[in-house]
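Sequence order for the protein chains is Z and S.
Counting in the numbering used here, the first sequence runs from 10 upward without gaps.
Counting in the numbering used here, the second sequence runs from 5 upward without gaps.
Take a look at the structure below.
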Amino acid sequence: MWTMVNKGSRRSHVWIGVALVAAVAFGVLLGSSFAPASEAAAQPTVNFSGTTGIVLNVVDPTKTADFEEVMKAFGESLVGSSDPQRQRMGEGLKLYRAAETGPNNFALYYLFADPAVPGGNYAVAQVLADEYMGGPPGNGDEVRAIYEKYSAALTGGGQQTINMDLMDLMLEF
Amino acid sequence: MQVMTRMPRRYRVAVFVAVAFVGGIGWGAARTAAQPGTRVFNADVGMLVSHVKSGQAVAFERTMKRMGEALALSEEFDRRRQAVTWKIYKATDPLEGGALLYISLLDPVVPGADYWVPQILNEAFPTEVQELYDAYAGAFDKGQGQLLMNLTRVDLGLAVAEP
Numbered sequence: 010m011w012t013m014v015n016k017g018s019r020r021s022h023v024w025i026g027v028a029l030v031a032a033v034a035f036g037v038l039l040g041s042s043f044a045p046a047s048e049a050a051a052q053p054t055v056n057f058s059g060t061t062g063i064v065l066n067v068v069d070p071t072k073t074a075d076f077e078e079v080m081k082a083f084g085e086s087l088v089g090s091s092d093p094q095r096q097r098m099g100e101g102l103k104l105y106r107a108a109e110t111g112p113n114n115f116a117l118y119y120l121f122a123d124p125a126v127p128g129g130n131y132a133v134a135q136v137l138a139d140e141y142m143g144g145p146p147g148n149g150d151e152v153r154a155i156y157e158k159y160s161a162a163l164t165g166g167g168q169q170t171i172n173m174d175l176m177d178l179m180l181e182f
Numbered sequence: 005m006q007v008m009t010r011m012p013r014r015y016r017v018a019v020f021v022a023v024a025f026v027g028g029i030g031w032g033a034a035r036t037a038a039q040p041g042t043r044v045f046n047a048d049v050g051m052l053v054s055h056v057k058s059g060q061a062v063a064f065e066r067t068m069k070r071m072g073e074a075l076a077l078s079e080e081f082d083r084r085r086q087a088v089t090w091k092i093y094k095a096t097d098p099l100e101g102g103a104l105l106y107i108s109l110l111d112p113v114v115p116g117a118d119y120w121v122p123q124i125l126n127e128a129f130p131t132e133v134q135e136l137y138d139a140y141a142g143a144f145d146k147g148q149g150q151l152l153m154n155l156t157r158v159d160l161g162l163a164v165a166e167p
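Spelled out as structure tokens, the structure:
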């Protein structure tokens, strides 16, 4: 009788251990989906699953000129690419700055990809590395310099990617 | 009242006109003050961020479609211009807590135009506006509601070159 109880107790300890490991693994996965700004900026892949993609950028108010410079380089890199998919991505790109500010007076920028190109990678770092100033291997220093501006502009703020679908409201005439 | 009856007829008319005028000013001012929801943008581009309660998507979208019809039916040129540049997007995934996100992008804004949805509905469908308003107002998430943003386009130098 004692042995059976002991076996049952050991089995329950194993199950608790498995549950704890699973919980930690799930927590790590969930936590990584809310990565802070600098990590989000460094992500190699940004895809949109909706017909339209929006990226809300919360930018250091002292670094808005740097951020806009990076966004211009991003847009020009896309439309100047020899890859037709990236050209289409560039054609659908629009950037807006809000008059209203976010927390701590940070500037709010909305980047619209409309329409979002299915399968297109909108990661700024990746596009700049591939396309900026003629592409690799000669653009290393320029890409590093502009990426540092991008990362610094988002430090203390952040990014949020939102997948959207354009609704048909019969407003097109 | 006795004073009024003793007054010549033309003075009485003048007094009535003056009282009506002052009353009209007061009523107009009260009415303007009672309109909580004017949505007028002071930038080239406008954005309305709407947080809608889970389960209220159908009610919200039905009201917005009716609003689209109202703009299309309007005899006012500016109302029809509003319709042409009004795009509404719906987030594919609900927000944390279950609320649904809708973003209206108005690019460009019609200068001076009021984008307050109940007012647009009232102009076109006065007999059903109360029902539509109740559905519209009841759809918003209490915590977040609606946010108005004035936007400026940032030139990315992406203009397509002429062939």
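Every residue, glycine too, gets a C-beta built ideally from N, C-alpha and C.
Pairwise C-alpha distance: glycine 149(S) and glutamine 60(S) = Near 13 angstroms, if we compare the C-alpha coordinates of glycine 149(S) and glutamine 60(S).
Could you have a look at methionine 71(S) and say whether DSSP puts it in helix, strand or coil?
-> In this structure, methionine 71(S) counts as helix in the three-state DSSP scheme.
Nearest residue (CA-CA) to glutamate 183(Z), options Arg84(S), Glu100(S), Lys57(S) and Val49(S) = Because chain Z spans 10 through 182 in this model, residue 183(Z) falls outside it and cannot be assessed.
Cβ of leucine 137(Z) within 7 angstroms of any heavy atom in the ligand HEM?
-> As presented, the structure is devoid of all ligands, the ligand HEM included, so that no description of it is given.
Whole angstroms is fine: what's the gap from alanine 38(S)'s alpha carbon to isoleucine 155(Z)'s?
-> In this prediction, alanine 38(S) scores a pLDDT of 33, lower than 50, which makes its location untrustworthy; the coordinate-derived value is nonetheless stated afterwards. Each residue's Cα considered, the two are about 51 angstroms apart.
Quick one: what does DSSP say lysine 91(S) is sitting in, helix, strand or coil?
-> Per DSSP, reduced to three states, the secondary structure at lysine 91(S) is strand.
Report the residue ranges of all beta strand (DSSP E) runs contained in full by the segment 81-159 of chain Z; include only those spanning at least 3 residues, in chain order.
-> Runs of the beta strand (DSSP E) inside the segment 81-159 of chain Z: 102-107 and 116-122.
So, does the CB of lysine 158(Z) fall closer than 8 angstroms to a CB anywhere in chain S?
-> Lysine 158(Z) is outside the set of residues whose beta carbon lies under 8 angstroms from a beta carbon in chain S.
At 7 angstroms on the CB atoms, spell out the chain Z contacts of lysine 146(S), in chain order.
-> Per Cβ cutoff of 7 angstroms: no residues; lysine 146(S) is ~21 angstroms from chain Z at best.
Use the C-beta contact count for glycine 143(Z): other C-beta atoms within 10 angstroms, 16 or more gives buried, fewer gives exposed.
-> Glycine 143(Z) is exposed by the Cβ-count criterion.
How about glycine 166(Z) and alanine 122(Z): are their beta carbons less than 8 angstroms apart?
-> If you check the CB distance, glycine 166(Z) and alanine 122(Z) do not come in under 8 angstroms.
Residue span of the alpha helix (DSSP H) that contains valine 64(Z), given as start and end = Valine 64(Z) -> not in any alpha helix (DSSP H); beta strand (DSSP E) instead, spanning 61-68.
Would you mind working out which of Tyr131(Z), Leu137(Z), Glu140(Z) and Ala116(Z) sits nearest leucine 102(Z), comparing C-alpha positions?
-> Here the closest residue by C-alpha is Tyr131(Z).
Valine 121(S) - DSSP class collapsed to helix/strand/coil | Correct three-state label for valine 121(S): helix.
Own chain, CB closer than 6 angstroms to alanine 138(Z), minus 5 neighbours either side, in chain order = The beta carbon of alanine 138(Z) sits closer than 6 angstroms to the beta carbons of Val152 from its chain, once the five residues preceding and following it are set aside; these are given in chain order.
CA-CA distance, glutamate 100(S) and alanine 116(Z)?
-> In a straight line, the C-alpha of glutamate 100(S) is about 23 angstroms away from that of alanine 116(Z).
Straight-line gap, leucine 178(Z) to glycine 72(S) (C-alpha atoms, nearest Å) | Leucine 178(Z) and glycine 72(S) have their C-alpha atoms spaced approximately 6 angstroms apart.
Nearest CA to the CA of valine 67(Z): which residue from Gly84(Z), Glu100(Z), Tyr118(Z) and Gly128(Z)?
-> Nearest option by C-alpha distance: Tyr118(Z).
How is the alpha helix (DSSP H) around glutamine 134(S) delimited, first residue to last?
-> That run of the alpha helix (DSSP H) goes 133-143.
In whole angstroms, what separates the C-alpha of alanine 95(S) from that of leucine 109(S)?
-> Each residue's Cα considered, the two are about 13 angstroms apart.
Which chain Z residues sit within Cβ distance under 7 angstroms of aspartate 97(S)?
-> The answer, in chain order, is Asn172.
Three-state class that DSSP yields for methionine 173(Z) in the structure shown = In the structure shown, methionine 173(Z) sits in a strand (DSSP, three-state: E or B).
What number of angstroms, rounded off, separates the C-alpha of arginine 57(S) from the C-alpha of methionine 68(S)?
-> Before going further, note that residue 57(S) is lysine rather than arginine in the sequence given. Looking at the two C-alpha atoms, the distance is approximately 15 angstroms.
is_contact[lysine 91(S), chain Z] using C-beta, thresh 8 angstroms | Using a Cβ-Cβ cut-off of 8 angstroms, lysine 91(S) counts as an interface residue toward chain Z, since at least one Cβ of chain Z sits closer than that to its own.
Looking at C-beta atoms only, is the number of pairs between the segment 168-178 of chain Z and the segment 83-98 of chain S that lie closer than 8 angstroms three or more?
-> Short answer: they touch.
Using a cut-off of 9 angstroms between C-beta atoms, extract the partners of arginine 106(Z) located in chain S.
-> Near arginine 106(Z) (Cβ distances below 9 angstroms), the residues of chain S are Leu155, Thr156, Arg157 and Val158.
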